[in-house]
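In what follows, a single structure is set out as structure tokens and then discussed.
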Amino acid sequence: MQEGRVIAYASCQLRKHEVNYPTHDLELLAVVYALKKWRHYLLGNTCHIYTDHKSLKYIFTQPELNMRQRRWLELIKDYDLEVHYHPGKANVVADALSRKAHCNFIEARPTIGDIEMPTALEAELYNLVLEPTIKDQIIAAQKQDKGMAHIRDEIDDKKKACFKLDEEGVLWFKNRLVVPKDMELRKKILDEAHTSMFTLHPGSNKMYQDLKQKFWWTRMKREIAKYVSECDVCQRVKADHLKPAGMLQPLAVPAWKWEDVHMDFIVGLPRTQKGYDSIWVIIDRFTKSAHFIPVKTTYRAKQYAELYISRIVSLHGVPLTITSDRGSLFLSRFWEQLQTALGTKLIHSSAYHPQTSGQVERVNQILEDMLRACALTYSTKWDECLPLAEFAYNNSYQKSLDMAPFEALYGRRCRTPLNWSEPGERVTFGPTW
């Protein structure tokens, strides 16, 4: 204040460590806070401090101070100030910032009956009817709902661990209020969360995230989505900003083994001593069996054709179709002429849309994980692990087939040194995990 007029008000909340300060230090902390905040006003001018803590008046003459008080005293001595005692009853202005009025139960307040009012206004107040809140309506509906009574019985039998009853008998799901099967009440909650001026028609996901913090009922998310989809305002003002997407068309199921194959490359691998830096992955869509061929990025189409004949055609015959991406090999003239001569149809996926070759993309992920595991376990190069990875993949269970690719291809499981004593036996003798 200056000359009896207020220049500024200030207040702040105590920090966690400041809550433990004694009263004397808290009063001194308020002085330090004011000096720091209004330094540009107070420094160089004589100022007066009025406090209702009388011992603070003798802060400059106290013989013993703790380290915190000494540190603050060094800051206070930079100012020309005088401390005056001001009784608490007269310190109403400062207390208004530090004390909440609704928490002061000692202060007497007049009741409505003591206030004189005009007769017309008094009559209007008498006619006012206070409507129950949504929470009160939910609590009342819980008592009338038969399903809630069934849940209460199961809570007593400790069958419903997620539900609980508070001291007033209100049913809660964890920390969320259970809303009974009252369609009018649920619609009122949805209206308040969607059409009120404080929400302004949020989407179904946002609306669900807001409501699930407070309320719970069965199929809540589905009802919210249905409510939003039927909102007339949302249908008129909200437009779809995405281009209409076409339906994904699955490839036809092959009629026989190795008639329809997928091809892809795994590139960017560390170069081995033999010069390999890529893997040619070839998969049969019918049996899911695969071949992993180490190659070099410097190979030409003729060299790939030789590998294709020796590793695929010699074992499985000529396929009817080959599905691949738009790599340089698969678009080369030599490759197209070779497949035309063999009677194979080439199918290329759309650019930047690997969903067409989703099967081979998934196998690529599995193969990379296998090679990492093999390299870490046996400390070998990835091209040396490739035959083992091909064997492990073809002999492992495939959920889509309910058997291993090797068994789908040859009609029996592959003999291994672990669990199968005979090639045709499918019963494991070892652990099942």
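Each residue of the sequence shown is one higher than the one before, counting from 1 in full-length UniProt numbering. Using N, Cα and C, we set each Cβ at its ideal position, and we do this for glycine too. All figures in this text were calculated on a predicted structure; none of them were measured in a lab.
Please list the terminal residues of the continuous alpha helix (DSSP H) segment that includes residue 183. Residue 183 sits at position 183 when you count from the first residue of the sequence shown. Where residue 183 is concerned, the enclosing alpha helix (DSSP H) stretches over 183-194.
Subject >> Three-state secondary structure (DSSP) of residue 263 >> reply: Locating residue 263 in the sequence shown gives position 263, where the first residue counts as 1. Strand.
* Exposure label - residue 319; buried when at least 16 CB within 10 Å -> Residue numbering aside, residue 319 sits at position 319 when the sequence shown is read from its first letter. Looking at its Cβ environment, which holds 16 or more other Cβ atoms inside 10 Å, residue 319 is buried.
### Query
Starting from residue 72 and walking both ways along the alpha helix (DSSP H), at which residues does that stretch end?
As a position in the sequence shown, residue 72 is number 72, starting the count at 1. Where residue 72 is concerned, the enclosing alpha helix (DSSP H) stretches over 67-76.
Task: Cβ-based burial, residue 407 [other Cβ within 10 Å; buried from 16] - done: If you number the sequence shown from 1, residue 407 lands on position 407. Residue 407 is buried by the Cβ-count criterion.
message = For a minimum of 3 consecutive residues, which ranges assigned as the beta strand (DSSP E) are wholly contained in the segment 345-404?
response = 345-348
*Does the distance from the C-beta atom of residue 59 to that of residue 84 stay below 8 Å?*
Counted from its first residue, the sequence shown places residue 59 at position 59. Counted from its first residue, the sequence shown places residue 84 at position 84. Taking 8 Å as the Cβ cut-off, residue 59 and residue 84 do not qualify as a contacting pair.
Query raised in the report: In three-state terms, what does DSSP make of residue 217?
Result: Counting from 1 along the sequence shown, the entry for residue 217 is found at position 217. If DSSP states are grouped into helix, strand and coil, residue 217 belongs with coil.
Could you have a look at residue 14 and say whether DSSP puts it in helix, strand or coil? Residue mapping note: residue 14 aligns to position 14 of the sequence shown, counting from 1. Here residue 14 sits in coil by DSSP.
Residues that DSSP places opposite residue 46 in a beta bridge: The residue labelled residue 46 in the question sits at position 46 within the sequence shown. Bridge partners of residue 46: 80.
For this session: Pair every Cβ in the segment 385-397 with every Cβ in the segment 364-373, then say whether three or more of these pairs are closer than 8 Å.
Result: yes
Have a look at 67, 375, 283 and flag the residue whose alpha-carbon is nearest the alpha-carbon of residue 324.
Along the sequence shown, one-based indexing puts residue 324 at 324. Minimum Cα distance to residue 324 is reached at 283.
Helix, strand or coil for residue 273, going by three-state DSSP, please let me know.
In the sequence shown, residue 273 corresponds to position 273, counting from 1. Residue 273: coil per DSSP, three-state reduction.
### Extent of the continuous alpha helix (DSSP H) run through residue 236
Locating residue 236 in the sequence shown gives position 236, where the first residue counts as 1. 232-237 is the span of the alpha helix (DSSP H), which, as asked, contains residue 236.
For residue 440, does the count of other Cβ atoms within 10 angstroms reach 16, so buried, or fall short, so exposed? Outside the displayed range of the chain (1 to 433) lies residue 440, so it cannot be described from this structure.
request  = For the beta strand (DSSP E) containing residue 323, list its first residue and its last residue.
outcome  = To locate residue 323, count along the sequence shown from 1; it is residue 323. Start and end: 321-324.
Checklist line | Assigned exposure category for residue 286 - 16 Cβ within 10 Å defines buried | finding: The residue you call residue 286 lines up with position 286 of the sequence shown. Buried, because 16 or more other Cβ atoms sit within 10 Å of the Cβ of residue 286.
Item to complete: Determine, using beta carbons only, whether residue 276 and residue 294 come nearer to each other than 8 Å.
Response: In the sequence shown, counting from the first residue as 1, residue 276 sits at position 276. In the sequence shown, counting from the first residue as 1, residue 294 sits at position 294. Yes, Cβ-Cβ distance for residue 276 and residue 294 is below 8 Å.
* What are the boundary residues of the beta strand (DSSP E) that residue 164 is part of? -> If you number the sequence shown from 1, residue 164 lands on position 164. Its beta strand (DSSP E) spans residues 163-165.
- prompt: Rounded to a whole number of angstroms, what is the C-alpha to C-alpha distance between residue 297 and residue 375?
  reply: Translated into the one-based positions of the sequence shown, residue 297 becomes position 297. Translated into the one-based positions of the sequence shown, residue 375 becomes position 375. In a straight line, the C-alpha of residue 297 is about 22 Å away from that of residue 375.
Should residue 237 be labelled buried (16 or more other beta-carbon atoms within 10 Å of its own) or exposed? Taking the sequence shown and counting its residues from 1, the one referred to as residue 237 is at position 237. It counts as exposed.
Exposure label - residue 215; buried when at least 16 CB within 10 Å:
In the sequence shown, residue 215 corresponds to position 215, counting from 1. With 16 or more other Cβ atoms within 10 Å, it is buried.
ask   = So what does DSSP say about residue 170, is it helix, strand or coil?
value = What you label residue 170 is simply residue 170 of the sequence shown in a count that begins at 1. Looking at residue 170 - three-state DSSP - the assignment turns out to be coil, as it is neither helix nor strand.
**Study point:** Identified DSSP bridge partners for residue 301
**Key:** Locating residue 301 in the sequence shown gives position 301, counting from the first residue. Looking at the DSSP output, residue 301 bridges to nothing.
Any contact between the segment 208-226 and the segment 165-181? By contact I mean 3 or more CB pairs, one from each, below 8 Å.
yes
State the Cα-Cα distance for the pair residue 335 and residue 212, rounded to the nearest angstrom. As a first step, residue 335 is located in the sequence shown; it is residue number 335 there, counting from the start. As a first step, residue 212 is located in the sequence shown; it is residue number 212 there, counting from the start. Each residue's alpha carbon lies about 58 Å from the other.
* Asked: In the DSSP assignment, what residue or residues form a beta bridge with residue 280?
  -> Mapped onto the sequence shown, residue 280 falls at position 280. In the DSSP assignment, residue 280 forms a beta bridge with 265, 293.
* **Outcome for residue 9 when other beta-carbon atoms lying within 10 angstroms are tallied against a minimum of 16** => Mapped onto the sequence shown, residue 9 falls at position 9. By the 10 Å Cβ count, residue 9 comes out exposed.
| Reduced DSSP category for residue 242 - H, G, I as helix; E, B as strand; rest coil | Locating residue 242 in the sequence shown gives position 242, where the first residue counts as 1. Correct three-state label for residue 242: coil.
### Query
Taking just the CA atoms, how far does residue 61 sit from residue 39?
Along the sequence shown, one-based indexing puts residue 39 at 39. Along the sequence shown, one-based indexing puts residue 61 at 61. About 24 Å.
- [ ] Would you tell me roughly how many angstroms separate the C-alpha atoms of residue 357 and residue 397, rounded to the nearest one?
- [x] In the sequence shown, the residue the question calls residue 357 occupies position 357. In the sequence shown, the residue the question calls residue 397 occupies position 397. Cα to Cα, the separation comes out at about 21 Å.
*asked:* Quick check: the Cα distance between residue 289 and residue 382, rounded to an integer number of angstroms?
replied: Along the sequence shown, read from residue 1 onward, the residue named residue 289 stands at position 289. Along the sequence shown, read from residue 1 onward, the residue named residue 382 stands at position 382. Each residue's alpha carbon lies about 20 Å from the other.
Bounding residues of the alpha helix (DSSP H) (the contiguous stretch that carries residue 342):
For the purposes of this step, residue 342 is identified with residue 342 of the sequence shown, where counting begins at 1. For residue 342, the enclosing alpha helix (DSSP H) stretches over residues 333-342.
* Asked: Out of curiosity, what's the CA-to-CA distance linking residue 229 and residue 346?
  -> Here residue 229 refers to the residue found at position 229 of the sequence shown. Here residue 346 refers to the residue found at position 346 of the sequence shown. Distance between the alpha carbons of residue 229 and residue 346: 44 Å.
For the beta strand (DSSP E) holding residue 176, just list the boundary residues, first then last. In the sequence shown, residue 176 corresponds to position 176, counting from 1. Start and end: 176-178.
field: Rounded separation between residue 309 and residue 355 - CA only
entry: Translated into positions along the sequence shown, residue 309 becomes position 309. Translated into positions along the sequence shown, residue 355 becomes position 355. Whole-angstrom Cα-Cα distance: 27 Å.
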